[in-house]
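K.L.:
Protein chains in written order, with our numbering: chain A, 31 to 240; chain B, 41 to 217.
We treat Cβ as the ideally placed atom computed from N, Cα and C, and that holds for glycine.
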Amino acid sequence: MRGARRPPAPGDDSPDDTSLVRNARRGDAQAFRALVERYQRRVYQLALGMVRDPDEAMDITQETFVRVHRYLPSFKGDSSFFTWTYRIATNLCLDSARRRGRSERVEMDESDAEIEAHMDPPSAALAGPQKAALNAELKAKIDDALASLSENHRAILLLREVEGLSYEELARALGIRKGTVMSRLFHARLKMQRKLREYLGDEVKDEDEE
Amino acid sequence: MKRRCEETVPLLGPWLDGALADEDRAWVEEHAGECDPCGQRKALLAATRDAVRESIVRRAASADLSRLADAVLARVKEDRGPPNVVRLRVWGAEMWHAHRAGIVAAGGLAAAACLAIVALVSPLRGSGRSQGPTLLADARSLTTLEQIDFENHAGAVLQSGDTTVIWIDDEGPAVPQ
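1. Taking the continuous beta strand (DSSP E) assigned at A196 of chain B, which residues delimit it?
2. Excluding five sequence neighbours on each side, which residues of the same chain lie with their C-beta closer than 7 Å to the C-beta of A170 of chain A?
3. Determine, using beta carbons only, whether D119 of chain B comes closer than 8 Å to chain A.
4. Count the CB pairs spanning the stretch 90 to 110 of chain B and the stretch 66 to 75 of chain A that are closer than 8 Å, and state whether there are at least three.
5. Taking the alpha carbon of V197 of chain A as the reference point, which residue from A:M222, A:S109, A:K225, A:S126 has its own alpha carbon closest?
6. Cα-Cα, which of A:S213, A:I172, A:R190, A:A218 is closest to S180 of chain A?
7. Under 8 Å, with one C-beta from each stretch per pair, do the stretch 212 to 227 of chain A and the stretch 182 to 196 of chain A reach the 3-pair mark?
8. Please name the residue, chosen from B:T48, B:L185, B:I208, that lies closest to S200 of chain B on a Cα-to-Cα basis.
9. What residues in the stretch 180 to 204 of chain A have a beta carbon less than 8 Å from any beta carbon of chain B?
10. Is the Cβ-Cβ distance between L200 of chain A and I186 of chain A less than 8 Å?
11. Which of the three DSSP states, helix, strand or coil, is assigned to I270 of chain A?
12. Name, going along the chain, the residues of the stretch 77 to 91 of chain B whose beta-carbon falls closer than 9 Å to a beta-carbon of chain A.
13. Using beta-carbon positions only, say whether E228 of chain A and R72 of chain A come within less than 8 Å of one another.
14. Does I96 of chain B get closer than 8 Å to chain E when you measure Cβ to Cβ?
15. Can you tell me whether Q223 of chain A is buried or exposed? The criterion is at least 16 other CB atoms within 10 Å of its CB, across all chains shown.
16. Please identify the residue among A:L226, A:I206, A:D58 whose C-alpha is closest to the C-alpha of L102 of chain A.
17. Could you please give the first and the last residue of the uninterrupted alpha helix (DSSP H) stretch that includes T184 of chain B?
18. Using a Cβ cut-off of 8 Å, which residues of the stretch 47 to 67 of chain A contact any Cβ in chain B, in chain order?
19. Could you name the residues of the same chain whose beta carbon sits closer than 8 Å to that of I118 of chain A, not counting the 5 residues immediately before and after it, in chain order?
20. State yes or no: is the C-beta of H71 of chain B within less than 8 Å of the C-beta of R43 of chain B?
21. Output, in chain order, the set of chain B residues within a Cβ distance shorter than 7 Å of K221 of chain A.
22. Taking Cβ positions only, does F217 of chain A come closer than 8 Å to chain B?
23. Rounded to whole angstroms, what's the CA-CA distance from G195 of chain B to V205 of chain B? Just pull it up for me.
24. If we cut at 8 Å on Cβ distances, does L175 of chain B have a partner in chain A?
25. Quick one: which chain B residues come within Cβ less than 7 Å of V96 of chain A?
26. Under DSSP, the beta strand (DSSP E) around D209 of chain B begins and ends at which residues?
27. Name, please, each residue of chain A whose Cβ falls closer than 7 Å to the Cβ of R93 of chain B.
28. G53 of chain B touches chain A at which residues, Cβ-Cβ below 7 Å?
29. Provide the residue span of the alpha helix (DSSP H) that contains V244 of chain A, from first to last.
30. What whole-angstrom Cβ distance do L204 of chain A and T120 of chain A have, given they're in contact under 8 Å?
31. Would L188 of chain A and L76 of chain A qualify as a contact pair, given that the criterion is a beta-carbon distance under 8 Å?
32. D149 of chain B: buried (16+ other C-beta within 10 angstroms of its C-beta) or exposed?
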């Protein structure tokens, strides 16, 4: 599984997160700058996916690192530095959404029947999904589909699909149990598939065909 | 949907994520390999993931983040930092982790010193009274002041241990009370 912790590649003599964090905690501004520059793009990606507004995403990214610096002394190292940073960023995104009145949509677990319906397999027309992904219409559709998710579903989907956090890291970043991670991710994916199905697959097979 | 498909569907995501236990992965893989709809479901999951990832990464890549670190560092300079309670807790935790052995040793020594002092000054020390301060008390209790009438002169005798002091008043008839 692709994890969030990405130590320097072999041959890369840049310091790892642990030593940068240690030095930043001691007041080394350059070490802290290195951490910001290492992860700013990924935090911005998450924020952009969550709030969908570039300016707001930039503000959230900046605020995330200010808070990282403020609370760095309390970082215990139980999780990776980046998982911890993600948790701060995710909370800021959720706060921002609530402030803007996009209150949490009620997350209702879908019934088995609904799940079955949504899990209708696409046809073999999935051929070339990468090609389809380049389609501008699909991009707009992805944006709409993400926007239709609840904040919690959007957060877990972005953290998993875009940032590649493991289930353990997702649990830590979102402050939930691993069982909740699996359930929430399952429902978030169902909803995305329901929205994107027609772009990623031509038609839906009938259940009875099986 | 067949029963095996119903069992497989919730596990397709974890399978794709590499989060399935070995024993589950084996049968899910086998089923998806044989069942065309489940194979397609897995392909749809992967396609959705790739499409979302590509869309977000591409949008974020166009953002100019070159001045973000400067902006953060400028704000950090103005930041007052965490509340004092947090700071104190963090300092305490760091001190404990860094100097645990020293703190324990110093604490032990301090406790031992306190015990030694208590033992030395305690009136219950040994079988009876202790020596130092108790000797002074004993001395005080053995000190006597006795008024003496020297017939024509008033006087007094102070007896303290081996020391005797005699006062004689040349004028007054008695020792002032």
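P.N.:
On the basis of the data shown:
1. 194 to 200
2. none
3. yes
4. yes
5. It should be noted that the sequence gives Tyr, not Val, for residue 197 of chain A. That would be A:S109, whose Cα lies nearest to the Cα of Y197 of chain A.
6. A:A218
7. yes
8. B:L185
9. L187, L188, R190, E191, V192, S196, Y197
10. yes
11. Here chain A has residues from 31 to 240 only, and residue 270 of chain A is not among them.
12. P77, C78, G79, Q80, R81, A83, L84, L85, A86, A87, T88, R89, D90, A91
13. no
14. Checking the listed chains, one finds no chain E in this structure; the protein chains it contains are A and B.
15. buried
16. A:D58
17. First-last for T184 of chain B: 184 to 189, but that is the beta strand (DSSP E), not the alpha helix (DSSP H).
18. A59, F62, R63, V66, E67
19. T94, R97, V98, Y101
20. no
21. Ordered by position in chain B, no residue passes the 7 Å Cβ test against K221 of chain A, which lies about 10 Å from the chain.
22. The residue you asked about is not Phe; residue 217 of chain A is His in the sequence shown. Taking Cβ atoms only, chain B never reaches closer than 8 Å to H217 of chain A, which makes this a no.
23. 11 Å
24. Unreliable positioning characterises L175 of chain B in this predicted model, as indicated by a pLDDT of 48, which lies under 50. The coordinate reading is nonetheless provided below. No, L175 of chain B does not count as interfacial toward chain A.
25. V112, R115, V116, D119
26. 203 to 209
27. E191, V192
28. L215, F216, R219
29. Since the first residue of chain A shown is 31 and the last is 240, residue 244 of chain A is not available in this structure.
30. 6 Å
31. yes
32. Here residue 149 of chain B turns out to be Leu, not Asp, going by the sequence shown. By the 10 Å Cβ count, L149 of chain B comes out exposed.
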